[in-house]
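Residue numbers (the working numbering): 6 to 181.
Beta carbons are placed, not taken as given, at the ideal position from N, Cα and C, and that holds for glycine.
Below is one structure, written out as structure tokens; the observations come after it.
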Ligand SMILES: C[S@@+](CC[C@H](N)C(=O)[O-])C[C@H]1O[C@@H](n2cnc3c(N)ncnc32)[C@H](O)[C@@H]1O
């Protein structure tokens, strides 16, 4: 991984999601795309069983220095086992050629913006314990919830209006 890749500095999206991580996450928790570890740290308030994952090695090293159990992985590639709660604040913006390369990994979800989230929603299914739940942050720029969350039961927990977009925290679980 290029050592110039930046670690995502927590923003409104991070803070909105962490409010619900603190409220709900318990048992065995996975924090996908941990960045500075903000969601993992919120989960650690309720449980000791937290695994943080990031594709960015710098973020993984940063999390480890904070005593967070962390591994480098492209989504679930190196993740073993199942979890009670899985959290993801994904990169969700559509590709923008003007976005600096060092921040693209943390912000750009693909050409349309939802590609990483959709891949996550496919791969996550094999990693949820029975009754396991997902907390995910999405933007109005990411797409319509009913299209993104096909195959899942979902509920919007809170929406916040920002300058150019609305961000929302969703609670998801697999349809049985
Ligand atoms: C919007 S940031 C969120 C960071 C942090 N969780 C927060 O709430 O502030 C997205 C994070 O996902 C990571 N990421 C991007 N693509 C990934 C992938 N394919 N697998 C794992 N992590 C990824 C980025 O490196 C970045 O740390």
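| Query | Result |
| --- | --- |
| Report the rounded CA-to-CA distance for residue 125 versus residue 81, giving the unit in angstroms. | 8 Å |
| Do you know whose CA, among 88, 51, 151, 120, lies nearest residue 99's CA? | 120 |
| Take residue 13 as the anchor and find which of 151, 129, 40 has the nearest alpha-carbon. | 40 |
| Given residue 133, which residues of its chain have a CB within under 7 Å of its CB, disregarding the five upstream and five downstream residues? | 87, 88, 91, 179 |
| To the nearest angstrom, how far is it from the Cα of residue 48 to the Cα of residue 101? | 32 Å |
| Given this structure, state the Cα-to-Cα distance separating residue 112 from residue 136, to the nearest angstrom. | 30 Å |
| Here's a check: name, in chain order, each residue in its chain whose Cβ is nearer than 7 Å to the Cβ of residue 108, leaving out the five neighbours to either side. | 11 |
| Can you tell me where the beta strand (DSSP E) with residue 144 in it begins and where it stops? | 133 to 144 |
| Are the Cβ atoms of residue 64 and residue 45 separated by less than 7 Å? | no |
| Taking the alpha-carbon of residue 181 as reference, which of 138, 167, 142 has the nearest alpha-carbon? | 138 |
| At what residue ranges does the stretch 18 to 80 contain a whole run of the alpha helix (DSSP H), taking only runs of 4 or more? | 43 to 48, 62 to 70 |
| Any idea if residue 147 is buried or exposed, counting beta-carbon neighbours within 10 angstroms, 16 or more meaning buried? | buried |
| How is the alpha helix (DSSP H) around residue 152 delimited, first residue to last? | 150 to 153 |
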